[in-house]
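First residue of the sequence shown? That's -2 in my numbering, and the numbers climb one at a time after it. Note that the Cβ used here is the ideal one computed from N, Cα and C, for glycine as well. Some notes on the structure that comes next.
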Amino acid sequence: MWSRIKGELAFIRGNFLVLLLSYILFNLGYALSSPFESPFIEKLGASPFAIGAIGSVGSIILFLVRIPGSYIVDKHGRRQIIVTMTYGVALSNIFFILAPNWIFYMIGVIATNICLIYQPALEAIEADSLTPERRGVGYAAFRVLPFLPSIFSPLIAGMLVSLYYIDLGMRIIYGIVLACGLTAAVLRHAFLKETLKDAKPFNLKELKLAFKDSLREILDSWRLMPKSLAFLLASTLIIAFTDPFFYRFGSLYVLQFVGLTDVEWGAVNTINLATMLFLGLFLGKAVDVFGRKKALILAHLIFTPTTVLFILSKSFSMLATVYIFFAIASVLFGSATSALQADIVPKERRGRILGSIGALYILVGALGSLSGGFLYENVGSTVPFWLCIPLDIIALLIVIFKVKEPEKREA
C-alpha cells in the first residue's frame, strides 16, 4: 500500500516541488489574512461598494499586466519573471501593514497586482511539470497540499483579531505574510528551473512591443480555439463573475448578519481548509479516473443548493456544514477545469491561451466585485448570493450540453 501511494505521488519533485513549497508559504499568509481582509478594509473607512471597487481596480490592473505576461512566458521563458516578481508581491505587503486609510491600502493592492504579471508563467510551468495522466491529481495537489501547514491559520487569525482587534491584529498578520512571501521568493530564486527551450533574455525596453504583439498573438490563438474549450470558458466565466460575491462580501455578511464571532468565523475557514486537504487528492484522482466533465457537473450540482444553505444559515454548525460542501465543489471544479484546459490546449500555445483565459477570468471577476459591492450596499445583503443560483444553473447547462472531452489529451 505504501509503495502504491509513493508511486502515485512520484511526480512531486523538481519544479513541481519548488512551486508546491512556495505555495505553502504564500498560503500560510493568505489563510491568515483572507478571512478578515474585507472587515479590515471596512475598518479603514471603506463602504461595501468601495471594498468591491478596490477588488475591481486590482483585478483590472491584473488583467492588463497578464497580457504582456502571457507573451513573455512563451517567448522569454518562465523562471526570470517568476523570481523577480515574487519579490515584488512579497514587498507589497508593506502598504497593508502601514495603511492609514483604505486609499493607501488600495495602492498596495495595485502594486501587488502589477507584480502578478508572473501568473501566466506560473500556470505554464505548472502544466509543463505534469504528464497528461497525472494532471487531475497534480492540479488537485497544487490546490490542496499548500494548505496543509496552514490548516489552522484562519483559526489563529480569528484569535489574533479577537485579542488585538481588527486593526492591530491584521497589521500583525500582514507582517507574517511579508515574511512568508520573502522566504518563497528566495526559494524560487534558488531552485526553480526554466522549462522553455531556447528561452530568450528579456529586458524592460521590450515591454511596449510585447504588449502590442501579445494582443495580436492571443487573438490568433483564440481563432484556433476548439469549440468545446470556448463553451468551457463561457461556463467558467459565469463562476468567475460570482466568486467575488463570496470572498469579498461573505465575511462581512457572516460577521454582521449571521452573528458569528471572529474566532467562530476563523474556525469555519479552518474546517473549509481541512475538508479540501483530506478529500482534495482523492477528488483529484477521481477527476483522472471518472473524467473531467462528470466532475464539473457534480461540482455545479453541489454549488447551487449549498448557496441556498449559506443564505439561510443562522448558526456556526450550519455555516460549517455549508463550507464543507463549498470545499468539495471547489476542488472538483478547479481540478477538472484546469485538467480539461490542459487536455485541449497544445503545449506550444499553452502560455498564450491559458494566459488569455486567466485574463478574462480576472476581468469578469472585476465586474463581479463591483456589481457585488453595489448590490450588497444598495439592494440587499443577500441579493448577490441569491443571484449566484440562476447563474450557476446556466453554467451547469452549458457544461452538460456543450462541453466535450477530447478523444486524445495534449501532452
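With C-beta atoms as the reference, is residue i less than 8 angstroms away from residue j?
| i | j | result |
| --- | --- | --- |
| Pro381 | Phe254 | no |
| Leu270 | Pro151 | yes |
| Ile295 | Leu329 | Checking the displayed sequence, the identity of residue 295 turns out to be Leu instead of Ile. In this structure, Leu329 lies closer than 8 angstroms to Leu295 by Cβ. |
| Leu229 | Leu309 | no |
| Ile390 | Thr301 | yes |
| Asp340 | Pro117 | no |
| Ala87 | Leu165 | no |
| Leu252 | Phe313 | no |
| Ala392 | Ser232 | yes |
| Ala138 | Leu280 | no |
| Leu360 | Phe60 | yes |
| Phe13 | Ser147 | no |
| Ile299 | Ala326 | yes |
| Leu412 | Ile170 | Residue numbering for the chain in the displayed model covers -2 to 408; residue 412 lies beyond these limits and cannot be assessed. |
| Thr334 | Val319 | no |
| Thr267 | Ile321 | no |
| Lys290 | Glu402 | yes |
| Phe238 | Leu388 | yes |
| Met103 | Ile48 | no |
| Ala121 | Arg347 | yes |
| Pro32 | Gly288 | no |
| Ala181 | Thr83 | yes |
| Tyr250 | Ser378 | yes |
Is it right to say residue i is buried, meaning 16 or more other beta carbons lie within 10 angstroms of its own, or is it exposed?
| i | result |
| --- | --- |
| Tyr20 | buried |
| Ser248 | buried |
| Asn98 | exposed |
| Ala43 | buried |
| Arg220 | exposed |
| Ile395 | buried |
| Ala227 | exposed |
| Glu123 | buried |
| Ile2 | Here the model assigns Ile2 a pLDDT of 49, short of 50, so the residue's position is not dependable, and the following value carries that caveat. By the 10 Å Cβ count, Ile2 comes out exposed. |
| Gly155 | buried |
| Ile64 | buried |
| Asn375 | exposed |
| Val141 | buried |
| Ile350 | buried |
| Gly370 | buried |
| Ile235 | buried |
| Leu293 | buried |
| Leu119 | buried |
| Phe400 | One detail in the question is off: residue 400 reads as Val in this sequence, not Phe. Val400 should be labelled buried. |
| Lys72 | buried |
| Ala324 | buried |
| Ile69 | buried |
On the DSSP letters alone, give me the boundaries of the alpha helix (DSSP H) that residue i sits inside.
| i | result |
| --- | --- |
| Tyr115 | Counting along the chain, Tyr115 falls outside any alpha helix (DSSP H), and DSSP gives it neither H nor E. |
| Thr379 | Counting along the chain, Thr379 falls outside any alpha helix (DSSP H), and DSSP gives it neither H nor E. |
| Gln338 | 313 to 341 |
| His297 | 289 to 309 |
| Arg185 | 150 to 188 |
| Glu415 | Nothing can be reported for residue 415: it is not among the residues displayed for the chain, which extend from -2 to 408. |
| Met82 | 76 to 88 |
| Asn24 | 11 to 30 |
| Gly66 | 45 to 72 |
| Glu34 | 34 to 40 |
| Lys224 | 224 to 250 |
Count the C-beta pairs between the segment 144 to 164 and the segment 102 to 109 that are closer than 8 angstroms, then say yes if the count reaches three, no if not. no
Taking 8 angstroms as the threshold, find out whether the segment 50 to 57 comes into contact with the segment 363 to 373 through three or more Cβ pairs. yes
Say whether the segment 38 to 45 touches the segment 67 to 84, bearing in mind that this needs 3 or more beta-carbon pairs closer than 8 angstroms, one atom from each stretch. no
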